[in-house]
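Asks: Protein sequence lines correspond, in order, to chains A and B.
The numbers in the UniProt record's numbering rise by one with no breaks, and the one at position 549 of the first sequence is 549.
The numbers in the UniProt record's numbering rise by one with no breaks, and the one at position 225 of the second sequence is 225.
Using N, Cα and C, we set each Cβ at its ideal position, and we do this for glycine too.
Here the structure is a predicted model, which is why all the values come from computation and not from measurement.
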Amino acid sequence: MTETVAGREIGSARRRSEDARLITGRTQWTDNLQLPGMCHVAFLRSPYAHARITGVDAAEARQRPGVVAVFTGADLADEQGSLPCAWPVTEDMRHPDHPPMAVDHVRYVGEPVACVVARDRYAAADALEAIDVDYEPLTPVLDMEQAVADGADLVHADLGTNSSYTWVFENGDLDAALRDAPVLIERRYVQQRLIPTAMEPRAVVCAPEGDGFTLWSATQIPHILRLMLATVTGIPEHRLRVIAPDVGGGFGSKLQVYGEEVLALLLARRLGRPIKWTESRSEGNLTVHHGRDQIQRLTLAAERDGTIRGLKVDLLADMGAYLMLVTPGIPLLGAFMFNGIYKMDAYSFTCTGVFTNKTPTDAYRGAGRPEATFAIERLMDELAAELDLDPIEVRRRNWIRHEEFPYDTIAGLTYDSGNYEAATDKALHLFEYDTLRAEQADRRERRDPVQLGIGVSTFTEMCGLAPSRVLGSLSYGAGGWEHASVRVLPSGKVEVVTGSSAHGQGHETAWAQITADRLGVPFEDVRVLHGDTSVSPKGMDTYGSRSLAVGGIALVNACDKVVDKARRVAAHLLEAAEEDLEFTGGRFSVRGVPDQARTIQEVALAAFAAHDLPDGVEPSLDSDATFDPDNFSFPHGTHLCAVEVDTETGFVRIRSYVAVDDVGLVVNPLIVEGQVHGGLAQGIAQALYEEAVYDAEGNLTTTTMADYLIPSAADLPHFVTDRTETPATTNPLGVKGVGEAGTIASTPAVVNAIVDALRPYGVRDVPMPCTPERVWRALNEQEGSA
Amino acid sequence: MIPAGFEYVRPESVDEAVSALAEAGEDAKVLAGGQSLMPLLRMRLAYPEVLVDLDRVAELREIRDLGDALFIGAMATHHQVMRDPLVRRHAPLIAQATATVADPATRHRGTFGGALAHADPAGDLPAVALALDAVCNVRSARGSRDVPAADFFVDWLTSALEPDELLTGVTVPKLGPGWGTHYEKFHRTAQSWAVVGVACAVRRERDAVADVRVALTNMGAAPVRATAVERSLEGVPVSDGAFRSAAEHAADGTAPPGDLHGSPDYRAHLAQVLTRRALTAASAR
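#1: Along the chain, where does the alpha helix (DSSP H) that runs through D124 of chain B open and close?
#2: So R121 of chain A contacts chain B; which residues on that side make the cut at Cβ distance below 9 Å?
#3: Taking V658 of chain A as the reference, give the member of A:A745, A:R107, A:V528 with the closest Cα.
#4: For the alpha helix (DSSP H) holding D151 of chain B, just list the boundary residues, first then last.
#5: Alpha carbon to alpha carbon, how far is A625 of chain A from P274 of chain A? Give it in angstroms, no decimals.
#6: How about Q682 of chain A and T743 of chain A: do their beta carbons lie closer than 7 Å?
#7: Please name the residue, chosen from A:L489, A:V205, A:Y364, A:Q686, that lies closest to A566 of chain A on a Cα-to-Cα basis.
#8: Please tell me whether L66 of chain B has its Cβ less than 7 Å away from any Cβ of chain A.
#9: Rounded to the nearest angstrom, what separates R14 of chain A and T509 of chain A at their Cα positions?
#10: I need the straight-line Cα distance from V81 of chain B to T98 of chain B, nearest angstrom please.
#11: Report yes if the C-beta of A610 of chain A is less than 6 Å from at least one heavy atom of the ligand SAH; otherwise report no.
#12: Is it true that the CB of E184 of chain B sits closer than 7 Å to the CB of R277 of chain B?
#13: Mind checking M1 of chain A: buried by the 16 CB within 10 Å criterion, or exposed?
#14: Are N285 of chain A and Y342 of chain A touching if we call contact CB-CB under 7 Å?
#15: Could you give the distance in angstroms between the alpha-carbon of V5 of chain A and the alpha-carbon of L333 of chain A?
#16: Residues of chain A with CB closer than 7 Å to the CB of S263 of chain B, please, in chain order.
#17: Using the C-alpha atoms, what's the distance from L31 of chain B back to R109 of chain B?
#18: Using a C-beta cutoff of 7 Å, does A786 of chain A count as contacting chain B?
#19: Indicate the three-state DSSP secondary structure (helix, strand or coil) for K561 of chain A in the structure shown.
#20: Would R16 of chain A and G551 of chain A be called neighbours here (beta carbons separated by less than 7 Å)?
#21: Taking Cβ-Cβ distances below 7 Å as the criterion, which residues of the segment 166 to 185 of chain B are in contact with chain A?
#22: Can you give the Cα-Cα distance for R62 of chain A and H79 of chain B, rounded to whole angstroms?
#23: Taking Cβ to Cβ, would you say F651 of chain A is nearer than 7 Å to E9 of chain A?
#24: At a Cβ threshold of 7 Å, is T649 of chain A touching chain B?
#25: Would you list the residues sitting across from N171 of chain A in a DSSP beta bridge?
#26: Would you call the segment 354 to 371 of chain A and the segment 399 to 414 of chain A in contact, with 3 or more CB pairs under 8 Å?
#27: Out of A:P245, A:L263, A:L184, state which residue places its alpha-carbon closest to the alpha-carbon of V70 of chain A.
#28: Considering only the beta carbon of each residue, do residue 322 of chain B and A210 of chain B sit closer than 7 Å?
#29: Tell me which residues share the same chain as A282 of chain B and place their Cβ nearer than 8 Å to its Cβ, disregarding the 5 neighbours each side in the sequence.
#30: Spatial neighbours of E3 of chain A within its chain, please: CB distance less than 7 Å, with the 5 preceding and 5 following residues excluded, ordered by chain position.
#31: On the DSSP bridge assignment, give the partners of A281 of chain B in chain order.
#32: Kindly list the residues whose CB is nearer than 6 Å to the CB of A427 of chain A, restricted to its own chain and excluding five residues on each side of it in sequence; keep chain order.
#33: Can you list, in chain order, the stretches of the alpha helix (DSSP H) that have 4 or more residues and sit fully within the segment 384 to 447 of chain A?
#34: Check I23 of chain A in the structure and name its three-state DSSP category.
#35: Report the option in B:V14, B:E59, B:I2 whose CA atom is closest to the CA atom of M38 of chain B.
#36: Excluding five sequence neighbours on each side, which residues of the same chain lie with their C-beta closer than 7 Å to the C-beta of A4 of chain B?
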């Protein structure tokens with residue numbers, strides 16, 4: 001059902017038309033908004049990971065200059081509701097109340113306990129220091145394994161347990177697969193907690209307007225946010241307008257309904273004036289939802305020839321202190337991916353969501369899939385080492401061959417297409433795999449203090465979230481469709497309205513490219529509108545690499561409806577039969593009589609004037625379309641990483657990195673390459689640099705960017721990127737999605753490379769992030785025990 | 001984050017600056033490039049009542065040749081210092097170490113004098129000043145004094161400056177022929193602080209070490225000279241083995257901090273490795 005789209009725009013590496021304004025900041029970032037009479041709010045946050053609030057004295061703060069009002073959680077208790085969790089993954093999932101502002105308990109450092117509304121940010125920040133809160137500290141719960149042991153202290157005493165849910169998936173006879181397995185690889189891997197670190201911090205402005213409210217937020221999800229704000233506050237949905245103006249990145253952290261958003265709305269309602277809040281970076285590190293944080297217990301059973309028999313996955317997933325929008329579902333997105341690209345007969349997945357006194361977790365670029373991919377790709381390298389096979393060879397023996405697609409996996413998905421052989425061959429060639437292996441052997445021979453390691457990651461992921469019926473079967477609270485409308489204006493210019501909500505992805509460029517090709521109009525004549533519930537009333541927003549594979553297809557369908565209608569009008573104007581018309585380059589012409597033609601612009605004007613339309617045809621060429629995918633899409637690729645490990649200091653330098661990705665048809669190669677580069681940086685960062693660290697009292701110690709390290713261009717190699725192109729068969733463009741691929745693939749590639757470098761020293765794992773000290777300790781522990 | 005309120009003074013000369021400091025008393029802070037002070041203010045870890053901003057004191061930005069020494073004005077930016085021909089010629093160790101400080105944006109704002117007066121043991125330049133036997137030139141309304149680098153860095157974020165005193169510049173003796181220098185910095189990302197750094201200057205006569213100075217970054221509450229290393233190398237023939245065994249003493253007598261980027265024993269180990277590498281590189285120049 002894949003249809004080849006020939007056009008000048010699709011496939012063209014256009015520079016992104018939105019970038020000039022984004023880069024210079026001459027645009028509407030939420031924090032740039034200034035409204036008449038606007039007040040600023042600042043939040044007082046808990047310094048305790050777990051405590052009872054026994055008293056709040058805000059009397060002095062209320063007297064401070066410039067202060068308009070001070071509110072505690074108790075002041076708002078009757079109206080603030082509970083923050084939503086839209087994904088009850090099991091019927092018996094424990095879901096504690098989550099007041100936007102703490103009333104009598106705090107459960108993580110950074111939880112808001114009071115707020116000051118003042119005439120400017122300075123007055124608000126000063127007055128915070130005048131609020132006295134009395135806390136009765138309680139024992140914090142910080143370790144997941146201890147949290148689920150008998151007699152553990154409880155995050156939520158009323159629940160009687162720190163376990164939120166246990167979710168199980170089983171297929172095939174795992175006991176049989178494990179019994180007498182010739183090879184058993186058992187490992188415990190930790191996916192450390194990460195902080196998403198979007199370039200733009202969170203910001204929200206809420207203003208009473210007419211009989212409702214307008215709320216601007218640096219969010220990925222204006223449509224979902226509007227519905228959720230209505231649900232939480234009881235303000236009717238049609239009285240709320242939510243605008244995501246230009247948004248400076250999210251990585252999933254802005255796929256959320258934050259307490260600060262709800263409180264801004266409540267304060268605007270209470271005070272009758274616009275309210276603004278912009279977080280600082282340190283405040284954000286504490287309170288933006290975190291990502292990852294899993295303990296994985298894994299057992300892989302295989303034959304002596306490397307053939308996989310089965311895989312057992314047992315997870316503890318840290319929910320943090322509360323369940324936020326999709327917190328419990330995130331690790332389950334990995335449930336379908338632990339098998340990776342491999343065939344096996346048995347699979348068992350169990351995940352327990354655990355409450356701790358830490359910042360809540362939720363979606364972070366890749367969301368469940370990086371964790372799963374890391375596990376299986378690390379295990380494949382361990383299997384190769386156990387059997388003394390090349391890691392590429394052990395993968396070849398197990399992966400789904402290209403002629404076997406579509407393929408029903410052990411995890412219950414149908415992979416529609418793929419060609420792992422082609423991507424791997426291309427990557428091996430670009431990487432000069434054999435040359436590097438020879439150099440590695442030479443350095444080992446010479447006992448060079450700088451050892452070379454080679455890491456492999458042959459990954460796939462599921463994206464294009466998501467078929468609504470699948471989401472329904474997983475108890476998710478909404479669908480996974482997307483909407484688009486196309487308006488051909490009387491002048492022939494085109495407005496595209498999309499329900500996708502770009503926050504750095506380049507939709508304005510890519511959507512205009514698609515529209516230009518489908519309608520045969522110049523790229524410059526297309527304007528893309530998004531991110532405002534009054535302008536784009538229907539949408540499911542942007543996350544999960546879904547925009548192109550779902551929203552882009554809705555746009556294609558909307559364009560095709562325009563062309564279909566224009567064809568009827570053109571046929572009428574040309575006094576020809578519709579089936580005798582050809583449509584190329586924006587022009588309807590009568591087959592065999594090329595001079596008899598109408599451009600789509602001429603047809604649009606005629607449809608607007610409506611002087612002479614065929615019977616039953618309504619004026620205008622506008623159209624709407626909604627696309628709900630039948631299946632996920634499955635980008636895949638082969639990533640190869642070479643690292644140099646300084647065995648004296650433990651320092652890891654990435655020497656070269658080759659990424660061959662198959663994301664199906666590419667609309668804009670420049671955007672795809674940018675996504676791959678950024679994704680690689682983020683995945684490499686998990687392997688080497690990033691970790692949210694808590695001390696024994698539950699204080700986050702990585703609140704600044706001096707402590708929470710992220711790499712810059714200076715720390716990263718020149719990436720070699722290339723593609724194979726195996727079209728998705730489940731959508732008419734053949735696209736798959738690329739937003740998360742680099743992040744998912746690169747983390748195991750880097751760690752595999754480090755372990756590969758150190759395997760002769762007896763090292764078989766280094767916990768992430770593989771800091772120089774950890775690498776050095778891994779080496780020393782081996783030397784000490786040898 | 002938002003700083004608490006403060007008074008702001010912007011003098012245009014050193015005289016005006018020191019009288020502003022004299023007037024302000026204990027609770028004044030000098031604002032140079034702001035790359036360390038501003039974060040402290042914004043996180044409300046510092047609450048000065050008066051900020052004396054040196055941005056307009058042009059005389060403090062000069063770098064001059066004093067004959068057998070260089071004078072580097074306290075307000076010379078890192079960017080200016082690392083590109084200055086006099087510094088590159090007569091104090092290449094400063095140029096090399098300065099190029100590793102943070103990132104280009106920080107180097108355009110941050111100043112040489114500010115980095116010394118801040119006295120952060122994780123900063124690169126205090127150890128460099130120590131290794132070069134630099135002298136800090138200090139002024140106040142009461143007069144002037146010179147403080148050798150060895151006496152200037154007192155404790156964590158604490159220099160020998162009195163509250164009314166201003167660091168106006170640093171006198172750096174030129175190293176004569178036969179000297180080689182190197183700064184060996186170990187950090188996790190290009191723009192992060194040194195986990196450990198080693199500033200090293202070696203003078204060779206024929207094939208022996210005639211003179212050697214080794215100073216350590218982030219191996220204690222203040223930068224420290226690795227005197228045991230220095231002592232064990234005086235007059236010793238240059239060889240890998242000599243450097244290796246001398247470097248084993250690099251952490252002797254130090255009390256390195258432990259933090260997210262390195263435990264004390266890892267830092268002690270790094271000091272040894274980096275000292276050996278710094279000695280080797282410096283003696284090869």
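Replies: A quick look at the data gives this:
#1: Under the DSSP assignment, D124 of chain B falls in the alpha helix (DSSP H) whose first and last residues are 124 to 131.
#2: Residues of chain B with a Cβ closer than 9 Å to the Cβ of R121 of chain A are, in chain order, I2.
#3: Answer by Cα proximity: A:A745.
#4: Per DSSP, D151 of chain B belongs to the alpha helix (DSSP H) from 149 to 152.
#5: If you take the alpha carbons of P274 of chain A and A625 of chain A, they lie about 36 Å apart.
#6: Yes.
#7: When each option's Cα is compared against that of A566 of chain A, the closest is A:L489.
#8: Residue contact with chain A for L66 of chain B: absent (no Cβ-Cβ distance below 7 Å to any residue of chain A).
#9: Approximately 8 Å, taken between the alpha carbons.
#10: Between V81 of chain B and T98 of chain B, the C-alpha separation is close to 7 Å.
#11: You won't find the ligand SAH in this model; it holds no ligand whatsoever.
#12: Result yes, Cβ atoms of R277 of chain B and E184 of chain B sit closer than 7 Å.
#13: Since pLDDT at M1 of chain A reaches only 35, below the 50 mark, its modelled position is unreliable, and the value read off the structure follows with that caveat. By the 16-neighbour rule on beta-carbons within 10 angstroms, M1 of chain A is exposed.
#14: With respect to Y342 of chain A, N285 of chain A sits apart: the two C-beta atoms are not nearer than 7 Å.
#15: Its pLDDT being 42, under 50, V5 of chain A is placed unreliably by the model, and the measurement read from it follows with that caveat. Computed Cα separation, rounded: 32 Å.
#16: Listed along chain A are E773, each with a C-beta nearer than 7 Å to that of S263 of chain B.
#17: Straight-line Cα distance between these residues: approximately 11 Å.
#18: Model confidence at A786 of chain A stands at a pLDDT of 44, short of 50, so the residue's coordinates are unreliable and nothing is read from them.
#19: In the structure shown, K561 of chain A adopts helical secondary structure according to DSSP, grouped into three states.
#20: Against a cut-off of 7 Å, the Cβ pair of G551 of chain A and R16 of chain A comes out as no contact.
#21: Only those residues of the segment 166 to 185 of chain B whose C-beta falls short of 7 Å from the nearest C-beta of chain A would be listed, and there are none.
#22: Answer to the nearest angstrom: the Cα atoms are 47 Å apart.
#23: Against a cut-off of 7 Å, the Cβ pair of E9 of chain A and F651 of chain A comes out as no contact.
#24: Cβ-Cβ to chain B under 7 Å: yes for T649 of chain A.
#25: Paired residue(s): A:Y347.
#26: Not touching, per the Cβ criterion.
#27: The residue with the shortest Cα to Cα distance from V70 of chain A is A:L263.
#28: Here chain B has residues from 1 to 285 only, and residue 322 of chain B is not among them.
#29: Within the same chain, A282 of chain B has close Cβ partners G180, T181, H182, C200, A201, V202.
#30: With a pLDDT of 39 at E3 of chain A, under the threshold of 50, the modelled position of that residue is not reliable, and the figure given next carries that caveat. Counting only Cβ-Cβ distances below 7 Å, and skipping sequence neighbours, we find P732.
#31: Paired residue(s): none; A281 of chain B is not in a bridge.
#32: Taken in chain order, the residues that qualify are T638, L640, V658, V660.
#33: Within the segment 384 to 447 of chain A, complete alpha helix (DSSP H) segments of at least 4 residues are found at 391 to 396, 420 to 431, 433 to 446, given in chain order.
#34: Here I23 of chain A sits in helix by DSSP.
#35: Taking the Cα of M38 of chain B as reference, the smallest distance to any Cα among B:V14, B:E59, B:I2 is reached at B:I2.
#36: So the list reads R44, Y47, once near-sequence residues are dropped.
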